[in-house]
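>
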Ligand code: AMP
Ligand code: MG
């Protein structure tokens, strides 16, 4: 059986960034730029006053000067400034030709409508003026390919005139829960039934991973029905199926996936919980293959497999990470804990603000309510471990939890 690391390597070998697409700037939030973006203008577009005050010739030493015009932000100066004259300027206004400094209004006193007395007559050249193109020059790169568009980048792109940008799209992820026993949250389960929790789990985990979920109707344990739903799901970049991948008589998912043209890359990983996980690929023209994960039906196994295998793959598809791998962190055990070993385990736990890991009580892969406090998965080695308070432990943080 593959180890977790071997399974990640295999997934990595089939996973590549999605092809770029062009979107309106406002739709780019949270996406990764696929190309460098250059500015189509100088910023500022003119020498710009950074204070309300008077645009002056810096070398002029006269204290009383004539005001030749007032320039607001948005105005265009009409008259050059010479010694003995000034222009009243507001913050953001273009500084007129000839002016080489701005004296703030606080250092002035109006004598009459067209005359001002300055109490500061020797400002250094350039004082309170932001030179044209000093923030960004026309043709200069404002954000490199690989940058995630956040509110700051969004603003810089708007200034640069990037009305349409080339981005890596959000991966589309189809979610297919399977099982004759499943009913929805709106229903009270009859005898033998349970509520579908994996559907909501995966749809929300996909959203938390900044990908776009597409929820398919629940699939009954019937090969033809499952094959049809899988085929629908293969319209997405990634298909997540849950349930039906272990060894039971109604575990028809691997068969349905194969029938729909998905090629198995691996089935089963030496992992607890999550051993029955299935992974395969479906070819697509002109792009990397679609990825298909058959996640185990037990809710906590599904959760663990999503965090370990699906989330890192989504990060690569979206251009966020260069490679499918786990970003493990290190914390300290808050108390004693023994793992007898067997398979490598990723056990739900809670890491607090001080980095202490609390391995609270939990009753295994079907105990979904028991993992509500979890915000991380602690890695416990296959050979087992006896943790003492303060011992180092590797863990995978669960974003959003
Ligand atoms: P299976 O692999 O289909 O046999 O499912 C393993 C266990 O997970 C069974 O107890 C199922 O009832 C349960 N299970 C499967 N799918 C779901 C689901 N969508 N939501 C909650 N539990 C599920
Ligand atoms: Mg089932």
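Numbering (the working numbering), first residue to last: 17 to 417. Even for Gly, the Cβ is constructed at its ideal location relative to N, Cα and C.
Report whether the distance from the Cβ of residue 266 to the nearest heavy atom of the ligand MG is below 7 Å.
Checking every heavy atom of the ligand MG against the Cβ of residue 266, one is found closer than 7 Å.
> Could you compute how far the alpha carbon of residue 196 sits from the alpha carbon of residue 371?
42 Å
> Return helix, strand or coil for residue 29, following the three-state DSSP convention.
helix
> Say the cut is 7 Å; is the CB of residue 194 nearer than that to a heavy atom of the ligand MG?
Between the ligand MG and the CB of residue 194, the shortest heavy atom gap is smaller than 7 Å.
> When the Cα atoms are used, what is the spatial distance from residue 363 to residue 222?
21 Å
> Mind checking which residues open and close the beta strand (DSSP E) that includes residue 280?
Bounds of the beta strand (DSSP E) holding residue 280 are 279 to 283.
> If you drop the 5 nearest sequence neighbours on each side, which residues of the same chain put their C-beta closer than 6 Å to that of residue 111?
63, 65, 71, 145
> CA-CA distance, residue 418 and residue 303?
The requested residue 418 is not part of the displayed model; the chain covers only 17 to 417.
> Is the stretch 71 to 82 in contact with the stretch 199 to 210, if contact means three or more CB pairs nearer than 8 Å?
Note that the stretch 71 to 82 does not touch the stretch 199 to 210; fewer than 3 beta-carbon pairs, one per stretch, sit closer than 8 Å.
> Using 10 angstroms around the beta-carbon of residue 288, count the other beta-carbons present and answer buried if the total reaches 16, otherwise exposed.
buried
> Just mark residue 381 as buried or exposed, buried being the case when its beta carbon has 16 or more other beta carbons within 10 Å.
buried
> Going straight from the alpha carbon of residue 86 to that of residue 143, what length do you get?
C-alpha of residue 86 to C-alpha of residue 143: approximately 19 Å in a straight line.
> Under 7 Å from any heavy atom of the ligand MG, does the C-beta of residue 237 make it?
Residue 237: yes, Cβ under 7 Å from the ligand MG.
> Are there three or more Cβ pairs, one per stretch, closer than 8 Å when the stretch 243 to 261 is compared with the stretch 345 to 360?
no
> Are the CB atoms of residue 330 and residue 182 nearer to each other than 8 Å?
no
> Could you tell me whether the Cβ atoms of residue 232 and residue 248 are closer together than 8 Å?
yes
> Tell me which residues share the same chain as residue 373 and place their Cβ nearer than 8 Å to its Cβ, disregarding the 5 neighbours each side in the sequence.
If we look at residue 373 and ignore the five residues flanking it on each side, its Cβ neighbours are 347, 348, 349, 350, 365, 366, 367, 392, 394, 409, 411.
> Within 7 Å: the Cβ of residue 208 and any heavy atom of the ligand MG?
Not one heavy atom of the ligand MG sits closer than 7 Å to the Cβ of residue 208.
> Decide if residue 306 is buried, meaning its Cβ has at least 16 other Cβ atoms within 10 Å, or exposed.
buried
> If we ignore side chains and look at the alpha-carbon of each, how far apart do residue 293 and residue 414 end up?
19 Å
> Can you list, in chain order, the stretches of the beta strand (DSSP E) that have 3 or more residues and sit fully within the stretch 227 to 281?
228 to 231, 254 to 258
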